[in-house]
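For the sequence shown, position 159 matches number 159 in full-length UniProt numbering, and the numbering has no gaps at all.
Notes follow the structure.
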Amino acid sequence: ERARIEAEKEATRVKAEAEEAARIEAEEEEAARFMAEAEEAARIEATRIKAEAEEAARIEVEKKEAARVKAEVAKIEAEKETLRIQADVEAKVTARIEAEEEAARFKTKDEDEESARIEAEEKAARFKSKAEAEETARFEAEEKAARVKAEADEDEAAKARIEAETEVARINIDKSSHTNTKASLMKLRVFELKKMCDACNICTKGLRKADLIDAYLDSKNQNEDDESNLMPDKEIMIFSLLKLDELRLICEERCIVWAGLKKSSLVAMLEDTVMKLPYECQSAKTDNVGKELIYSSMKITELREECEKKGIDIKGLRKKVDIIGRLESHAAGESEYSQVGKNKGTTKSAARFHALKVVELRAECEARELCSSGLKAILIQRLLDHY
């Protein structure tokens, strides 16, 4: 029994030891499994973190590369835009230069065409001399109609004013050009000669062009002493035909205050001024206006002939306006020289003033506290009077 019990105890112990060993082995296997799982998890986590870091670094590098590429593209685009703008500017400058050259060519061509047209008109005018009588009758009828219409129409009044000024200009031709008077009168038409003769109270009935010229010259030689009495009347007649704005301009030229005055008051004030002026000033102003009107009515070839007669250099002048300006400047200089006298110092001053431009003359007047308005001849006379 004792042996059985010991055998059972031994079997129980062996069994217990076997179970304990199995349990321990199972625990060890479980621990190893847990450890392996933990290591695997740690490895996976480390691998994930490393992969995320590498991905972040790669994304950062890609961003930097994209930014660099974008900057380079923007720089290239800016350079292209700069080159394009520069090319546009150069193209515009080239186009403007070409346009200016083209305009200059067209201008030269237009001037040549204008000269050819004027010459053609002059030739046509010479060929029309056969119908001069009919033309004279038609112009006389138009003048009568214009005088009737001038009472109600302001434009027709301006036309009558221009005709009246032309008439005054024809009458007040400068005495110094008496040798050329007949040649100048031959260029006028019959109806203009009749108007000039009517102004001198000459009967024109049945007279031809040559007879009208002779009668006018004879009357002019006989009435030279009475011109001083006619000059104010002619200028007063011009005042009554001028517009309000033109009267105000004349008042400014003569340093007359016109603010708040009506046309009738301005005309009366200018008439008083004309009556008080000496004959030399009146004749100088009226002659200047008359010469301007005569030059405006002349053709380019006639203006060139007039310049040649007076020894005026017009080389390089092609436009009618420039030639007229040169003649007016010469006429203004002659009128001033005729009024200067024999004083040497005054003659030098007149020559110096005549060489100046209108702007410079006005500056001279302002420096001497003189009125700076008016034509060139008036400014020169004002400066000479101041001396």
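Built from N, CA and C at the ideal position, the CB exists for glycine as well.
Residue i classed as buried or exposed, judged by whether at least 16 other C-beta atoms fall within 10 angstroms
{"i": "Ile49", "result": "exposed"}
{"i": "Lys109", "result": "exposed"}
{"i": "Lys194", "result": "buried"}
{"i": "Gln86", "result": "exposed"}
{"i": "Ile323", "result": "buried"}
{"i": "Glu28", "result": "exposed"}
{"i": "Ala377", "result": "buried"}
{"i": "Leu270", "result": "buried"}
{"i": "Glu364", "result": "buried"}
{"i": "Leu83", "result": "exposed"}
{"i": "Arg382", "result": "buried"}
{"i": "Leu244", "result": "exposed"}
{"i": "Ile380", "result": "buried"}
{"i": "Ser176", "result": "Low per-residue confidence applies at Ser176: pLDDT is 38, beneath 50, and the placement is therefore not dependable enough to give any value."}
Inter-residue Cα distance where the pair is residue i and residue j
{"i": "Lys315", "j": "Ser264", "result": "46 Å"}
{"i": "Gly311", "j": "Glu305", "result": "10 Å"}
{"i": "Ala71", "j": "Ala31", "result": "59 Å"}
{"i": "Ile250", "j": "Leu370", "result": "17 Å"}
{"i": "Cys197", "j": "Leu356", "result": "39 Å"}
{"i": "Lys123", "j": "Arg117", "result": "10 Å"}
{"i": "Leu327", "j": "His354", "result": "13 Å"}
{"i": "Leu317", "j": "Asp112", "result": "13 Å"}
{"i": "Ile5", "j": "Ala11", "result": "10 Å"}
{"i": "Glu79", "j": "Glu54", "result": "37 Å"}
{"i": "Glu77", "j": "Arg43", "result": "50 Å"}
{"i": "Asp313", "j": "Glu119", "result": "21 Å"}
{"i": "Glu19", "j": "Glu25", "result": "10 Å"}
{"i": "Arg33", "j": "Arg23", "result": "15 Å"}
{"i": "Val267", "j": "Glu246", "result": "11 Å"}
{"i": "Thr94", "j": "Ala56", "result": "56 Å"}
{"i": "Lys262", "j": "Arg248", "result": "10 Å"}
{"i": "Lys75", "j": "Arg362", "result": "60 Å"}
{"i": "Arg58", "j": "Glu40", "result": "26 Å"}
{"i": "Leu384", "j": "Arg368", "result": "12 Å"}
{"i": "Cys307", "j": "Val321", "result": "13 Å"}
{"i": "Glu1", "j": "Lys15", "result": "20 Å"}
Continuous alpha helix (DSSP H) stretch holding residue i: start and end
{"i": "Glu369", "result": "Segment: none, Glu369 is in no alpha helix (DSSP H) and carries neither H nor E."}
{"i": "Arg304", "result": "300-310"}
Residue i versus the options, residue with shortest Cα-Cα distance
{"i": "Arg189", "options": "Arg105, Ile213, Glu19", "result": "Ile213"}
{"i": "Lys319", "options": "Lys194, Lys107, Leu383, Ala46", "result": "Lys107"}
{"i": "Lys299", "options": "Met269, Ser115, Ile378", "result": "Ser115"}
{"i": "Ser219", "options": "Ile59, Arg105, Cys203", "result": "Cys203"}
{"i": "Cys200", "options": "Gly206, Ala210, Arg208, Ala215", "result": "Ala215"}
{"i": "Ser329", "options": "Thr301, Glu308, Val358", "result": "Val358"}
{"i": "Thr301", "options": "Glu121, Glu360, Arg352", "result": "Glu121"}
{"i": "Leu217", "options": "Leu242, Met186, Ala51", "result": "Met186"}
The ligand NAD heavy atom lying under 7 Å from the CB of residue i
{"i": "Ile256", "result": "Ligands in the displayed structure: none, and consequently the ligand NAD is not present."}
Query raised in the report: What runs of the beta strand (DSSP E), each 3 residues or longer, lie entirely inside the segment 56-122?
Result: The qualifying runs do not exist here; there are none.
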